[in-house]
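Quick notes on the structure that follows.
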Amino acid sequence: MPVIRIEIIGEAEDYGKNAVAVVHLNIFEYAKKHNLDHAKNILLFAREQDIRTIILPYMQPYGPVIDEETTSSRRMIRKYALSVNDPYILTLNMIARNYGLNIIVAGIIERAGSKIYISSIMISPYTQLSMIRHRKIMIKDYERKLGISPGKAIAPLKVRDTIVASILDDEFYVPEMIRLLLLENSSFLLYGYSQSSPPKNLTNLVRTYSYVFSVPIIVPGSIIYYRNKLLHVTPTIVTDSEGNIIYKYVGEEQKIIIIPDHLFAGPASSNVEMDTLKLIARKYRTIL
12 MPVIRIEIIG EAEDYGKNAV AVVHLNIFEY AKKHNLDHAK NILLFAREQD
62 IRTIILPYMQ PYGPVIDEET TSSRRMIRKY ALSVNDPYIL TLNMIARNYG
112 LNIIVAGIIE RAGSKIYISS IMISPYTQLS MIRHRKIMIK DYERKLGISP
162 GKAIAPLKVR DTIVASILDD EFYVPEMIRL LLLENSSFLL YGYSQSSPPK
212 NLTNLVRTYS YVFSVPIIVP GSIIYYRNKL LHVTPTIVTD SEGNIIYKYV
262 GEEQKIIIIP DHLFAGPASS NVEMDTLKLI ARKYRTIL
């Protein structure tokens, strides 16, 4: 078992049955088998702490292999794309069903038939689907050239009473999308972005958005290695629904951060009229 420290936000003795854990984790670029073995150990250890929902970082299976500055190719992207029958997805499904875990990965490269997407996913024992996903809608030009398709649906990751509004990369700069995602009273907003090109002023953006939308925001961080060389460390950030940073960590030590369920007690609200949001959704579908 890798060395990993547990932190509980607020040091609560009882963090509740609906607590969420986010993992600040080592990820080794291009080393899918190693990263999967690492994730298995972390998930089982988290379940021993009576955690039922756990969040793994963006591109946990293989690191940030899509980057405008790298020599990414269509062939390489298809190599790392995960279908529902990939051993990585099958293994997470097995763990979820055997141990009663909701497993969220903030971002993967997903293969669905001939299409390739960048997706955030939830794997849960409480649905017959292999995974529930949000497929990234705002695709950059270089991603299109790599054969990545835009998603079409704006909907949260939802299983029973676990509802997560998930956004990826530049979608964070589209407030209308966030408002749409929060319509179903999501417990929190999950933001995943490429570790090799983090947004500028990330902390201020997260604080502002959590205040404007009255929603807790979770940003999973990670420690990226290529072989044994450290490349990037990105922050793990958690806010409350009032724009306060209640946890931030940027470091090379791996951690499981437990967020007590009382922090999600108030459902996210939106003051936008339903008719307006439906119009926005139609415009997105027309554009894409």
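Residues in the sequence shown are numbered consecutively from 12, following the working numbering.
Heads up, the beta-carbon is just placed ideally off N, CA and C, and yes, glycines get one too.
**Message:** Within 10 Å of its beta-carbon, does residue 105 have 16 or more other beta-carbons around it, so buried, or fewer, so exposed?
**Reply:** Mapped onto the sequence shown, residue 105 falls at position 94. The residue in question, residue 105, is exposed, as its Cβ has fewer than 16 Cβ neighbours within 10 Å.
**Residue ranges of each beta strand (DSSP E) within the segment 29–106, 3 or longer** = 31–39, 64–69
**Asked** Looking at residue 198 and residue 275, is the spacing between their C-beta atoms short of 8 Å?
**Response** In the sequence shown, residue 275 corresponds to position 264, counting from 1. In the sequence shown, residue 198 corresponds to position 187, counting from 1. Cβ distance < 8 Å, so residue 275 and residue 198 count as in contact.
**Message:** DSSP three-state label for residue 138, please.
**Reply:** Here residue 138 is taken as the residue at index 127 of the sequence shown, counted from 1. Coil, per DSSP.
**Asked** Hey, out of 151, 59, 149, 177, whose CA is closest to residue 11's CA?
**Response** Because the chain here runs from 12 to 299, residue 11 falls outside it and cannot be looked at.
**Prompt:** To the nearest angstrom, how far is it from the Cα of residue 89 to the Cα of residue 127?
**Reply:** Numbered from its first residue, the sequence shown carries residue 89 at position 78. Numbered from its first residue, the sequence shown carries residue 127 at position 116. Cα to Cα, residue 89 sits roughly 7 Å from residue 127.
**Prompt:** Less than 8 Å separating the beta-carbons of residue 134 and residue 120?
**Reply:** Taking the sequence shown and counting its residues from 1, one reaches residue 134 at position 123. Taking the sequence shown and counting its residues from 1, one reaches residue 120 at position 109. No Cβ-Cβ contact shorter than 8 Å links residue 134 with residue 120.
**Request:** Could you round the C-beta distance between residue 75 and residue 205 to whole angstroms and report it? I think they count as a contact, below 8 Å.
**Result:** The residue labelled residue 75 in the question sits at position 64 within the sequence shown. The residue labelled residue 205 in the question sits at position 194 within the sequence shown. That belief holds up - the Cβ atoms of residue 75 and residue 205 are roughly 5 Å apart, short of 8 Å.
**Message:** So for residue 26, helix, strand or coil by DSSP?
**Reply:** Along the sequence shown, one-based indexing puts residue 26 at 15. Residue state, collapsed to three classes: coil.
**Asked** Looking at the structure shown, is residue 204 part of a helix, part of a strand, or coil, going by DSSP?
**Response** Working through the sequence shown from its first residue, we reach residue 204 at position 193. In this structure, DSSP gives residue 204 a state outside helix and strand, which the three-state scheme calls coil.
**Prompt:** Which of the three DSSP states, helix, strand or coil, is assigned to residue 113?
**Reply:** Counting from 1 along the sequence shown, the entry for residue 113 is found at position 102. Reduced to three states, the DSSP call for residue 113 is strand.
**Item:** Within 8 Å, strictly: CB atoms of residue 235 and residue 38
**Value:** Walking along the sequence shown from the start, residue 235 turns up at place 224. Walking along the sequence shown from the start, residue 38 turns up at place 27. Yes. Within cutoff.
**Where the beta strand (DSSP E) containing residue 16 begins and where it ends** = The residue you call residue 16 lines up with position 5 of the sequence shown. Segment 16–19, the beta strand (DSSP E) holding residue 16.
**Message:** Suppose the cutoff is 6 Å on Cβ atoms and the five residues either side in sequence are ignored; what does the same chain contact list for residue 16 look like?
**Reply:** Residue mapping note: residue 16 aligns to position 5 of the sequence shown, counting from 1. Hits under 6 Å: 266.
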